[in-house]
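Basically our numbering = 1-based index in the sequence shown + 1. Cβ coordinates follow ideal geometry from the N, Cα and C atoms, glycine included.
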Amino acid sequence: MHFITTPTSPPPENLVISSNVTYMAAELVIAFFSTTGNLLVCVAVGLNRKLRTVTNYFLVSLAIADICVGAIAIPCAILTDIGMPRHNLYLCLLMLSVLIMFTQSSIFSLLAVAVERYVAIFMPFRYQVLMTPRNAVLVILATWILAFLIGLVPLMGWHKTPLDTGYCFFVLVVDMTYMVYFNFFACVLTPLVIMFLIYAQIFVTVKQQVRRITSEQSGRGDGQIRTAASMRREMKTATSLFLVLFLFTVCWIPLHIINCFLLLCPRCYVPLELLLTAIILSHANSAVNPFLYAYTMTAFRDTFKENNSKLYQNDTKSINTYLKNLITKICN
Numbered sequence: 002m003h004f005i006t007t008p009t010s011p012p013p014e015n016l017v018i019s020s021n022v023t024y025m026a027a028e029l030v031i032a033f034f035s036t037t038g039n040l041l042v043c044v045a046v047g048l049n050r051k052l053r054t055v056t057n058y059f060l061v062s063l064a065i066a067d068i069c070v071g072a073i074a075i076p077c078a079i080l081t082d083i084g085m086p087r088h089n090l091y092l093c094l095l096m097l098s099v100l101i102m103f104t105q106s107s108i109f110s111l112l113a114v115a116v117e118r119y120v121a122i123f124m125p126f127r128y129q130v131l132m133t134p135r136n137a138v139l140v141i142l143a144t145w146i147l148a149f150l151i152g153l154v155p156l157m158g159w160h161k162t163p164l165d166t167g168y169c170f171f172v173l174v175v176d177m178t179y180m181v182y183f184n185f186f187a188c189v190l191t192p193l194v195i196m197f198l199i200y201a202q203i204f205v206t207v208k209q210q211v212r213r214i215t216s217e218q219s220g221r222g223d224g225q226i227r228t229a230a231s232m233r234r235e236m237k238t239a240t241s242l243f244l245v246l247f248l249f250t251v252c253w254i255p256l257h258i259i260n261c262f263l264l265l266c267p268r269c270y271v272p273l274e275l276l277l278t279a280i281i282l283s284h285a286n287s288a289v290n291p292f293l294y295a296y297t298m299t300a301f302r303d304t305f306k307e308n309n310s311k312l313y314q315n316d317t318k319s320i321n322t323y324l325k326n327l328i329t330k331i332c333n
């Protein structure tokens, strides 16, 4: 989502292609880590049966969205940052819409995770019926279809009339009323508030249950001990997933605040450095989740280590085989 400092005026004809090379370099680095890191998440879930849980299915959906951000959305963002493509409104709108689509898919995936955790804590006896792998796949398909439709709204007519210069800049093409009132307030802020309320209720409830079980010292059997341990595991899982949500919020809210500022004060000056920083921060969110999984979730961390170890061993064997064959040929 890209902005210029004077959104109501066209850029000059002698516009310098990307006023900030550092910004482009940062975007490319983020694209690399976002693509490779989230690909590792998908591979880990595919290889490790223990990771094939309903929660992780939704995290894989989130990882796929982040892969798309790195492989598709960021290259499109770099092109639109220099005003390309020119004189092609619908291609321009499509390139600007893809990041909205993938961001919206990420939000819906996070919402699905929060609801799944809510069902696990507050409806444990119905969990196996409601949260089946089949239902998870159906929910994931629904979230992607809905995110796709939300992202396509500008293409359906809710956009600005392009200027004669034909530059493809975000604020010159996308209507800020769509970005603020529809995208931010309805499709981003509302799900975020719901998710924070869900996790707040989970933390309060689990903490109360653990405290109650711990305080019952007399006559506590193995069942109570297992229940307490289960509650602590649920708390740890919820904390890890809440950190994913918290980082998403921290990374994306600044850019949405700038959107609101541009809508309410369209002729106000916004420093270019601030805009680029907010854009980079929002895109960087797609690269941080794999590191967060490796740091907070033991199963993911162990799988990453095991896969890296196998890859290293295979590479070492291949190199040794190649060197032996080469030495044999030289000696002969």
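Using the Cα positions of residue i and residue j, report the straight-line distance between them to the nearest angstrom.
i	j	result
ALA66	CYS269	33 Å
PHE204	PRO291	24 Å
VAL99	ARG212	46 Å
LEU97	LEU156	10 Å
ASN308	GLY47	12 Å
THR7	PHE170	Its pLDDT being 42, under 50, THR7 is placed unreliably by the model, and nothing is read from it.
THR240	VAL22	38 Å
LEU52	ILE108	21 Å
THR304	ARG87	46 Å
ARG135	CYS266	47 Å
MET124	THR206	13 Å
ASN57	TYR128	15 Å
LEU139	GLY71	25 Å
MET25	LEU131	45 Å
ALA32	ARG233	36 Å
LEU256	ASN39	23 Å
VAL194	SER216	33 Å
Among the options, which one has its Cα closest to the Cα of residue i?
i	options	result
VAL55	TYR119, ALA72 and LYS208	TYR119
LEU80	VAL44, PHE109, ILE108 and GLU28	GLU28
ILE101	LYS306, GLU274 and ILE280	ILE280
ALA121	ALA300, TRP253, SER231 and VAL289	SER231
TYR168	ILE73, LEU256, LEU41 and MET85	MET85
ALA45	ALA32, LEU164 and ALA64	ALA64
ASP165	LEU277, LEU248 and LEU90	LEU90
GLN105	VAL30, ARG127 and ALA187	ALA187
SER61	ILE75, VAL114 and LEU94	Reading off the sequence shown, one finds Val at residue 61, where the question assumed Ser. Nearest of ILE75, VAL114 and LEU94 to VAL61, Cα basis: VAL114.
ILE75	THR250, PHE34 and ILE141	PHE34
If you drop the 5 nearest sequence neighbours on each side, which residues of the same chain put their C-beta closer than 6 Å to that of residue i?
i	result
ARG302	ALA295
LEU246	LEU111 and MET196
PHE243	TYR200
CYS77	MET96 and VAL99
GLU14	Residue placement at GLU14 cannot be trusted, given a pLDDT of 41 that sits under 50; what the coordinates show is reported in the next sentence. If we look at GLU14 and ignore the five residues flanking it on each side, it has no Cβ neighbours.
MET298	SER241
ASN49	THR304
Just to confirm my understanding: we take residue i, look at its own chain, exclude 5 residues before and 5 after, and list those with CB closer than 8 Å. What are they?
i	result
LYS161	LEU173, VAL174, VAL175 and ASP176
LYS208	MET236
LEU153	SER98 and MET102
ILE73	VAL99 and PHE103
With residue i as the anchor, note down where its alpha helix (DSSP H) starts and where it stops.
i	result
GLY47	22-48
MET102	90-123
CYS77	75-82
VAL61	55-69
LEU52	It is not in any alpha helix (DSSP H) - LEU52 carries neither H nor E in the DSSP assignment.
VAL289	273-297
Got a sec? Which residues, its chain only, sit under 7 Å from residue i by beta carbon, not counting five neighbours each side?
i	result
LEU264	MET177, THR178 and VAL181
ASN286	LEU248, PHE249, CYS252 and TRP253
VAL289	LEU248
Start-end ranges of the alpha helix (DSSP H) lying completely within the stretch 130-218, minimum 4 residues | Secondary structure in the stretch 130-218: the alpha helix (DSSP H) runs of 4 residues or longer, each lying completely within the stretch, are 134-152, 171-174 and 191-216 in chain order.
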